[in-house]
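In numbering that gives the first Met the number 0, the protein residues as written are 0 to 86.
From the three backbone atoms N, C-alpha and C, an ideal C-beta is built for every residue, glycine too.
Remember, it's a predicted structure, so these values are computed and weren't measured experimentally.
Comments concern the structure below.
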Amino acid sequence: MCIKFEIMTAIELKTILIHRISEINDISFLQAIKTIPDSKIEAGVLKLTSEQLDEIIASKKEIENSLFIDNDKLDKDFTKWVKASCK
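Right, dumping it as C-alpha cells:
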C-alpha cells in the first residue's frame, strides 16, 4: 500500500469538505455539522475576500458552461491515479 501525505492549503481543504458534505443527505447530521461553522462565524455574516468573490464568479460561469466533473467520476479517476502512481 502506498500512502503519501501532502499538506493542503485551507482552500484545498475547504473544497474537499464542501464536496464531501454535499454527498450527505441526513438532515440531522447536516444540522450537527452546521453548528461547527456557526460557532466560528461572527453574527452569521460571512466576509469574503475579493479573491474569494472572484473565485465564486468564475465557478458560477464554469457551471453555466458545464465545465465541471461529477464528484463520483472524480473519485473514481482519483483512485485510479493513486493506484497507478504507487506502482
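DSSP places E22 outside both helix and strand once states are collapsed to three, so it counts as coil. In this structure, E22 sits near N70, with a CB-CB distance shorter than 8 Å. Pairing I20 with I32 gives a Cβ-Cβ distance under 8 Å. Between the alpha carbons of N24 and E61 lies a distance of about 25 Å.
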